[in-house]
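Student: So our numbering is basically just the index in the sequence shown, starting at one, shifted up by 241.
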Amino acid sequence: MNTDHARQQSAATAERLNDAMKRLRARLRAESGQHATGLTPTQLSVLASVVREGPVTAARLASLEHVSPQSIAQSLAVLKAAGLVHGEPDPQDGRKKLMSPDPSATDLVGRLLQGRAVFLARAIDRVVAPGERQDVEKAIELLERLAADDLSDGGI
242 MNTDHARQQS
252 AATAERLNDA
262 MKRLRARLRA
272 ESGQHATGLT
282 PTQLSVLASV
292 VREGPVTAAR
302 LASLEHVSPQ
312 SIAQSLAVLK
322 AAGLVHGEPD
332 PQDGRKKLMS
342 PDPSATDLVG
352 RLLQGRAVFL
362 ARAIDRVVAP
372 GERQDVEKAI
382 ELLERLAADD
392 LSDGGI
């Protein structure tokens, strides 16, 4: 019975965390001006990966983004059409293309990230009491551990 109760609590906590992350992501998109770009969250995520990792192959992007090669190809097609990325043959393997960001893409991603950071800093200053700052640091550490954990081994 105790194990069932713990699982129910974990499930309820997971649901609350998921809901809170969804609301925070939506707020970050709105506050950063992401909506005004006309790009989807997926396209912007791919663009940010190209800016961060470029020059980079589509296969590497698919791995980084945890999506299918087809999804990456669709996002890259939109980003290429918008002039935000361009591809050049991979000198190691001419069958592959290396995707690189246009300088305008680097500027766009920088502005969006800056907008998010400014909003979060303002929100932390306004909402989080000085005595709670350590709690925020601990929450960040826990979220980083959750994001990094590999549950594929079936262990808990």
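No residue lacks a Cβ here, since even glycine has one placed at the ideal position from N, Cα and C. In this text, all values refer to a predicted model and were calculated from it rather than measured experimentally.
Residues bridged to Glu329 by DSSP?
Tutor: Leu339
Student: I'd like to confirm the pairing. Which residues does DSSP put opposite Val297 in its beta bridges?
Tutor: Val297 is bridged to Met340.
Student: Mark Gln250 as exposed unless 16 or more other C-beta atoms lie within 10 angstroms of its C-beta, in which case mark it buried.
Tutor: By the 10 Å Cβ count, Gln250 comes out exposed.
Student: Between Val377 and the rest of its own chain, which residues show a CB-CB distance below 7 angstroms, the 5 nearest in sequence each way excluded?
Tutor: Taken in chain order, the residues that qualify are Ile365 and Val369.
Student: Going by DSSP in three states, Leu393 sits in which element: helix, strand or coil?
Tutor: Residue 393 is actually Ser in this sequence, not Leu. Three-state result, Ser393: helix.
Student: Give the DSSP-derived three-state secondary structure of His307 in the structure shown.
Tutor: coil
Student: For Ile313, which residues in the same chain have their Cβ closer than 6 angstroms to its Cβ, ignoring the five residues on either side in sequence?
Tutor: Taking C-beta separations shorter than 6 angstroms and ignoring five residues to either side along the sequence, the partners of Ile313 in its chain run Ala299, Leu302 and Ala303, following chain order.
Student: Should Ala289 be labelled buried (16 or more other beta-carbon atoms within 10 Å of its own) or exposed?
Tutor: Around the Cβ of Ala289, a 10 Å sphere holds 16 or more other Cβ atoms; the residue is buried.
Student: On the CB-based measure, 16 or more other CB atoms within 10 Å of its CB, does Leu353 come out buried or exposed?
Tutor: buried
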